[in-house]
Every structure is written in C-alpha cells, then in structure tokens.
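Trainee:
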Amino acid sequence: LLRVLGNRHLFRLAYTPAGFHHDQSLDPAAYFARVFEHAVTELPVANNYFLHQVFLGRYPREQPEGLPPYLAVGTFERLRANLGGLAFVDGSYTTHLRRCPSRSIDGFALSNICEWMTPRAIDELFAEIVRTAAPGAIVCFRNNFAHTDVPAHFQHHVVEDRARSAEMSRRDRSIVTPRFAVCHLTDAQAQLARSA
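Numbered per this note's numbering, the sequence shown spans residues 14 to 209.
(1) Distance check for Val195 and Asn95, CA to CA, integer angstroms please.
(2) Do you know how far the Cα of Cys113 is from the Cα of Val102?
(3) Quick check: what's the CA-CA separation for Arg155 versus His170?
(4) Cα separation between Phe193 and Gly97?
(5) Determine, using beta carbons only, whether Ala159 and Glu137 come nearer to each other than 8 Å.
(6) Could you pull out every residue in the same chain whose Cβ sits closer than 7 Å to the Cβ of Asn60, ignoring the five residues on either side in sequence?
(7) So what does Val152 bridge to, in DSSP terms?
(8) Is the beta carbon of Leu198 closer than 8 Å to that of Val163?
(9) Can you give me the C-alpha to C-alpha distance between Thr145 and Gln66, rounded to a whole angstrom?
(10) Using C-beta distances below 6 Å, list every residue in its chain close to Asp185, excluding the 5 sequence neighbours before and after it, in chain order.
(11) Taking the beta strand (DSSP E) that Val171 falls in, what are its first and last residues?
(12) Whose CA, out of Val48, Glu90, Ser117 and Leu123, lies closest to the CA of Tyr106?
(13) Output yes or no for whether 8 Å exceeds the beta carbon distance between Ile188 and Val48.
(14) Could you give the distance in angstroms between the alpha-carbon of Ala43 and the alpha-carbon of Ser115?
(15) If I measure Cβ to Cβ from Phe121 and keep anything under 6 Å in the same chain, skipping five residues before and after, which residues do I get?
(16) Can you tell me whether Thr54 is buried or exposed? The criterion is at least 16 other CB atoms within 10 Å of its CB, across all chains shown.
Right, dumping it as structure tokens:
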C-alpha cells in the first residue's frame with residue numbers, strides 16, 4: 014500500500030513541483046514508510062484520530078482523546094464564545110499581514126506553507142511576522158517533505174525553541190508532518206527602534 018501511495022508518478026500528480034524545490038531528492042515511498050512506522054510503533058494507535066481518519070474514514074470517538082480538540086464534547090460553547098476573535102482570510106498570508114498594524118498579533122500558525130514558497134517569499138513573510146508580532150508572540154510551523162527553517166537573518170528575532178520543537182514533533186499524531194517547530198519572537202520592534 015505504501016509503495017502505491019508513495020509512487021513517485023502518483024505523488025507528482027497530487028503535489029506540484031513547487032512543493033519540492035527545497036528538497037529535490039525526496040523518495041515518496043521511503044518518506045511515507047518512515048512517517049507511517051513512527052505513527053504505528055511510537056505513538057498510541059487507539060486514539061490517533063489522524064490515523065483512523067486516513068485508514069478507516071472515521072474518528073475513534075469512543076476512545077479518550079479520539080476526536081480532534083475542536084470536536085470534543087464541551088468545546089462548542091467555548092468556540093462559540095470566542096468567534097469574535099477569529100478573522101477568516103482567503104488569500105496570501107503575507108498580503109494579509111501587510112494590512113495588519115505593527116505589534117498586533119500574538120500567534121502565527123503557518124502549517125507547512127514555507128515548503129511551497131520561494132526563499133524570497135519566505136523572507137517577505139518573516140519580515141511581516143517580525144513587524145506585526147506582539148511582544149511574546151509565538152510562531153508555529155510544520156515540515157512535511159522538506160526541512161525549512163526561519164531565514165538566517167531573522168533568527169535573532171524569531172528564535173526556535175529546539176527542545177520544545179523536538180518534543181512536539183515526537184508527540185505529533187498527524188502522520189505526514191514529522192517536524193513541528195515552535196518559535197518565540199523577541200521584542201523585535203524595540204530592538205529595531207534602539208538600533209535606529
């Protein structure tokens with residue numbers, strides 16, 4: 014099954030070449046075998062809702078923590094009470110951040126979008142993250158197929174907590190994203206003002 018799912022030709026039908034410009038050497042079958050092995054040998058299987066959804070088409074709702082947190086019993090009212098704090102944006106992350114005031118955002122969840130971006134686009138994104146980050150803001154991102162990092166010239170403002178990232182990556186149940194990075198922002202605006 015993994016050989017079929019990881020067939021290079023089928024894989025290229027699902028993922029455009031833009032997703033591989035950070036790592037041209039990817040062997041899809043070996044990649045999926047590695048992440049699948051981790052999911053079934055190093056993580057609990059009974060309540061892994063990602064694994065159940067992919068292979069069984071349903072969540073293991075009868076298991077403790079068998080549902081994604083947003084679907085768990087008792088979560089609906091909390092979500093409803095906080096809807097006013099959500100803004101849905103259909104468009105580029107960077108473009109949206111350009112419209113936001115400086116120091117106005119407490120957290121950035123990037124998923125694995127940097128894998129699909131050019132180095133220049135990643136630089137532009139992180140420039141906006143540094144500008145719009147409130148003091149103490151957190152940035153989280155994932156890596157699926159390629160390892161991407163915070164651009165070197167932003168690493169003094171966006172500092173990865175490597176120990177926390179390693180722990181989160183080890184515990185992540187999502188199957189296909191073997192790396193989860195947790196970064197803390199220094200007070201970049203204050204540093205920039207002092208250096209001006």
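Ideal Cβ positions, reconstructed from N, Cα and C, are used throughout, including at glycine. Treat the numbers as computed from the prediction; the structure is a model and nothing was measured.
Mentor: Considering the structure as presented:
(1) 24 Å
(2) Spanning the two alpha carbons is a distance of roughly 12 Å.
(3) It is roughly 19 Å from the alpha-carbon of Arg155 to the alpha-carbon of His170.
(4) 28 Å
(5) Against a cut-off of 8 Å, the Cβ pair of Glu137 and Ala159 comes out as no contact.
(6) Pro73, Gln76, Pro77, Glu78 and Gly79
(7) Phe121 and Cys196
(8) no
(9) 36 Å
(10) Hits under 6 Å: Phe193.
(11) Val171 to Glu173
(12) Leu123
(13) Against a cut-off of 8 Å, the Cβ pair of Val48 and Ile188 comes out as a contact.
(14) 43 Å
(15) Ile142 and Val152
(16) exposed
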